[in-house]
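Worksheet for the structure shown next.
There are 2 protein chains.
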Amino acid sequence: MNFAEELKTLKKQVQSKEYLNVDPSSFDKIIISGMGGSGIVGNIFSEIYDKKPVTVVSDYHIPSFADNRTLFIAVSYSGNTEETISALELAKKSGCRVAAITSGGQIANSVDNKVLIPGGLQPRSALGYMLMPLVNTFLKPSHQEIDKTAAMIDAIDEDNRDMESLAREIWDGKFIPVILGFSPFRWVAYRWKTQFNENSKILAFSNYFPELNHNETMPYRGTYRKDEFKFIVVGHPENIKIEERIKWTSSLTSTPFQRVDVRGKYTLDTLFGLIHKGDYLTYHLARFLNVDPTDVSLIEELKKKLNH
Amino acid sequence: MNFAEELKTLKKQVQSKEYLNVDPSSFDKIIISGMGGSGIVGNIFSEIYDKKPVTVVSDYHIPSFADNRTLFIAVSYSGNTEETISALELAKKSGCRVAAITSGGQIANSVDNKVLIPGGLQPRSALGYMLMPLVNTFLKPSHQEIDKTAAMIDAIDEDNRDMESLAREIWDGKFIPVILGFSPFRWVAYRWKTQFNENSKILAFSNYFPELNHNETMPYRGTYRKDEFKFIVVGHPENIKIEERIKWTSSLTSTPFQRVDVRGKYTLDTLFGLIHKGDYLTYHLARFLNVDPTDVSLIEELKKKLNH
Numbered sequence: 000m001n002f003a004e005e006l007k008t009l010k011k012q013v014q015s016k017e018y019l020n021v022d023p024s025s026f027d028k029i030i031i032s033g034m035g036g037s038g039i040v041g042n043i044f045s046e047i048y049d050k051k052p053v054t055v056v057s058d059y060h061i062p063s064f065a066d067n068r069t070l071f072i073a074v075s076y077s078g079n080t081e082e083t084i085s086a087l088e089l090a091k092k093s094g095c096r097v098a099a100i101t102s103g104g105q106i107a108n109s110v111d112n113k114v115l116i117p118g119g120l121q122p123r124s125a126l127g128y129m130l131m132p133l134v135n136t137f138l139k140p141s142h143q144e145i146d147k148t149a150a151m152i153d154a155i156d157e158d159n160r161d162m163e164s165l166a167r168e169i170w171d172g173k174f175i176p177v178i179l180g181f182s183p184f185r186w187v188a189y190r191w192k193t194q195f196n197e198n199s200k201i202l203a204f205s206n207y208f209p210e211l212n213h214n215e216t217m218p219y220r221g222t223y224r225k226d227e228f229k230f231i232v233v234g235h236p237e238n239i240k241i242e243e244r245i246k247w248t249s250s251l252t253s254t255p256f257q258r259v260d261v262r263g264k265y266t267l268d269t270l271f272g273l274i275h276k277g278d279y280l281t282y283h284l285a286r287f288l289n290v291d292p293t294d295v296s297l298i299e300e301l302k303k304k305l306n307h
Numbered sequence: 000m001n002f003a004e005e006l007k008t009l010k011k012q013v014q015s016k017e018y019l020n021v022d023p024s025s026f027d028k029i030i031i032s033g034m035g036g037s038g039i040v041g042n043i044f045s046e047i048y049d050k051k052p053v054t055v056v057s058d059y060h061i062p063s064f065a066d067n068r069t070l071f072i073a074v075s076y077s078g079n080t081e082e083t084i085s086a087l088e089l090a091k092k093s094g095c096r097v098a099a100i101t102s103g104g105q106i107a108n109s110v111d112n113k114v115l116i117p118g119g120l121q122p123r124s125a126l127g128y129m130l131m132p133l134v135n136t137f138l139k140p141s142h143q144e145i146d147k148t149a150a151m152i153d154a155i156d157e158d159n160r161d162m163e164s165l166a167r168e169i170w171d172g173k174f175i176p177v178i179l180g181f182s183p184f185r186w187v188a189y190r191w192k193t194q195f196n197e198n199s200k201i202l203a204f205s206n207y208f209p210e211l212n213h214n215e216t217m218p219y220r221g222t223y224r225k226d227e228f229k230f231i232v233v234g235h236p237e238n239i240k241i242e243e244r245i246k247w248t249s250s251l252t253s254t255p256f257q258r259v260d261v262r263g264k265y266t267l268d269t270l271f272g273l274i275h276k277g278d279y280l281t282y283h284l285a286r287f288l289n290v291d292p293t294d295v296s297l298i299e300e301l302k303k304k305l306n307h
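Same order as they appear, the protein sequences are chains A and B. So for the first sequence, numbering that gives the first Met the number 0 puts the first residue at 0; every next one is plus one. So for the second sequence, numbering that gives the first Met the number 0 puts the first residue at 0; every next one is plus one.
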């Protein structure tokens with residue numbers, strides 16, 4: 000499957016009905032472990048679910064509060080991520096209730112309570128397969144919400160010329176993107192950053208309002224190399240104070256912010272709409288730069304070096 | 000007080016004996032709210048304390064799990080940060096046990112259980128005053144650990160020519176710093192980033208191992224503008240796997256990593272040593288760039304616009 004075909008599987012992914020079999024009364028806190036394209040699943044989930052504390056671990060270890068009142072969820076597309084396997088083993092030793100979302104590997108073999116998702120994609124192209132089991136388990140979206148989300152993705156699959164134009168602009172100017180988000184889409188900004196890194200093979204960075212107004216804003220007014228960066232705001236905030244911050248930050252620093260907006264009816268359709276725009280933007284940029292968006296051979300080489 | 004004098008107050012700050020009066024049996028989770036130079040206090044603390052879930056909020060709202068078994072701590076140097084005031088009001092409404100670390104303002108007036116710290120500094124220069132009450136309350140460091148930490152800071156105050164050289168190098172090349180950290184010093188890397196932003200008025204970014212090996216590493220091998228960035232690794236990891244990752248990432252991508260290291264005897268002296276190196280680096284860079292490290296007038300202008 001080529002990368003454009005992978006992107007088109009997202010519509011089907013968000014229609015997944017899979018969920019984890021968990022008893023909410025058996026835990027009072029959640030730890031979600033994962034790295035990279037799998038790890039962001041926990042981060043995005045932690046912004047849209049806040050009924051219990053969710054701690055996201057992107058490392059080898061887990062916090063010492065992990066106990067038998069903790070639900071530990073390992074998210075690893077391959078099922079063989081060494082950091083996630085290490086965290087999972089520690090979670091078992093700590094008596095956590097463990098669950099997993101994976102397509103196979105060591106993690107599928109060692110966890111009973113799991114959602115097995117289809118393999119064969121790049122992990123970053125399987126975000127829907129990995130996120131929906133958490134959404135279905137803890138947020139129980141309506142049929143209408145799912146339908147709207149699928150329709151949103153479909154519309155972007157059909158017409159993403161706006162993202163092609165923006166990609167051309169970034170390519171023309173050899174810009175470094177700085178993606179600016181806000182709650183509950185702070186991690187969408189980070190997702191875009193990582194998609195630029197992996198698909199387009201360019202450096203990119205992300206931040207969010209209002210935190211960036213306390214530090215990163217300072218050099219926006221004028222510093223060396225600022226014009227080599229492209230500032231992109233993803234989404235339209237519900238909080239009017241955040242919109243005011245976006246407006247005034249741009250105005251007081253004479254920094255044009257390119258806005259990429261998606262207006263869904265629900266959180267879920269807006270969330271996946273914003274994510275999918277970034278998928279196409281970074282895919283088109285890869286095309287212009289003549290790099291293979293699926294190629295992550297460097298990451299594979301690194302894994303081999305670490306295992307020898 | 001000029002900025003160099005502000006930096007020299009850190010030694011005294013870490014010797015603070017202040018602590019919060021809290022009953023550990025009265026809460027099972029902690030929310031710490033703060034922005035910018037005050038907000039990072041919660042983030043740094045969340046990496047060195049993990050006996051209970053710590054959720055750091057850098058926004059107007061708080062998670063819905065906040066209840067009467069939640070300890071909410073507002074950290075705001077001025078005591079007038081609008082996001083933190085908003086979060087504090089929500090925490091009171093949710094029945095949280097509230098506490099504060101502040102030098103005054105609205106927050107001092109509205110919270111009984113608080114540590115009042117000395118005013119008159121830039122918030123980012125008061126990190127020790129804000130962090131130590133949390134450390135003293137929850138981690139209870141030994142006299143030896145505090146003495147070593149003060150001695151570490153003293154040594155850096157006395158001789159920071161290594162940071163002056165590195166600042167000169169960044170200034171010569173007009174580099175954009177990318178600061179790479181790892182647990183438990185991931186937020187030290189972010190602190191450096193924000194110090195570059197506020198003190199030196201240049202763009203800077205941060206990331207951490209092992210997460211960056213799953214995405215950001217890809218363009219390190221070769222992309223446009225990469226040579227305009229300066230990659231700096233802060234610290235020496237205890238986990239050998241992280242050190243292997245640093246070594247191989249640099250080697251496989253032909254990317255020189257500048258290492259800034261501090262070898263303390265404890266977590267606390269290493270932590271503050273790494274932080275203080277970044278303070279001097281960004282201060283020296285401001286001198287070379289001929290900008291005032293204390294000036295954050297743009298952030299003040301923005302606050303005024305938002306309040307009218």
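Using N, Cα and C, we set each Cβ at its ideal position, and we do this for glycine too. These numbers come from a predicted model, not from an experiment.
- Of all C-beta pairs linking the stretch 191 to 207 of chain B to the stretch 253 to 264 of chain A, fewer than three are shorter than 8 Å, placing the two stretches out of contact.
- Contact residues of the stretch 220 to 234 of chain B toward chain A are Arg220, Gly221, Thr222, Tyr223, Arg224, Lys225, Glu227, Phe228 (C-beta to C-beta distance below 9 Å).
- At the C-beta level, A/Thr101 and A/Val74 come within 9 Å of one another.
- When beta bridges are read from the DSSP output, B/Thr101 appears opposite B/Ser75, B/Leu115.
- In its chain, beyond the 5 residues on either side, Ser32, Val56, Ile61 have a beta carbon closer than 6 Å to the beta carbon of A/Ala86.
- Counting only runs of at least 3 residues, the stretch 178 to 248 of chain B fully encloses the following beta strand (DSSP E) elements, listed from N- to C-terminal order: 204 to 207, 228 to 233.
- The stretch 122 to 137 of chain B makes contact with the stretch 31 to 48 of chain B; the number of CB pairs closer than 8 Å reaches 3 or more.
- Flagged as an interface residue toward chain B: A/Tyr59, by a C-beta distance shorter than 9 Å.
- In this structure, the beta-carbon distance from A/Met162 to A/Phe271 does not fall below 9 Å.
- As DSSP reads the structure, B/Thr69 sits in a beta bridge with B/Lys28.
- Put simply, of B/Leu202, B/Ile47, B/Val233, B/Val13 the residue whose alpha carbon is nearest the alpha carbon of B/Ala188 is B/Val233.
- A/Asp22 has a beta carbon lying at 9 Å or more from every beta carbon in chain B.
- Taking a C-beta distance under 9 Å as the contact criterion, B/Pro292 and B/Glu197 qualify as a contact pair.
- DSSP lists A/Lys229 as the bridge partner or partners of A/Pro176.
- Interface residue (Cβ-Cβ distance to chain A less than 9 Å): B/Ser32 is not classified as such.
- For B/Arg160, no pairing in a beta bridge is given by DSSP.
- The beta carbon of A/Tyr207 sits closer than 8 Å to those of Leu179, Gly180, Phe181, Ser182, Arg185, Ala188, all from its chain and outside the five residues before and after it, given in chain order.
- A/Pro23 counts as exposed, since fewer than 16 other beta carbons sit within 10 angstroms of its beta carbon.
- A/Arg262 is classed as exposed because its beta carbon has fewer than 16 other beta carbons within 10 Å across all chains shown.
- With distances taken between CA atoms, B/Gly104 lies nearest to B/Ser77 out of B/Ser77, B/Lys139, B/Ser45.
- Any Cβ of chain B closer than 9 Å to the Cβ of A/Phe256 would place that residue at the interface, and such an atom is absent.
- Under the Cβ criterion (8 Å, minimum of three pairs), the stretch 159 to 178 of chain B counts as touching the stretch 273 to 287 of chain B.
- For B/Ile84 and A/Lys91, the gap between their C-alpha atoms comes out near 40 Å.
- Going by beta carbons, B/Ser205 and B/Pro132 fall outside the 9 Å limit.
- Looking at the backbone, the Cα of A/Val13 and that of A/Ile155 are separated by about 14 Å.
- Buried is the label assigned to A/Asn214, since at least 16 other Cβ atoms lie within 10 Å of its Cβ.
- In this structure B/Leu120 touches B/Thr8 by the C-beta definition: roughly 7 Å separates them, less than 8 Å.
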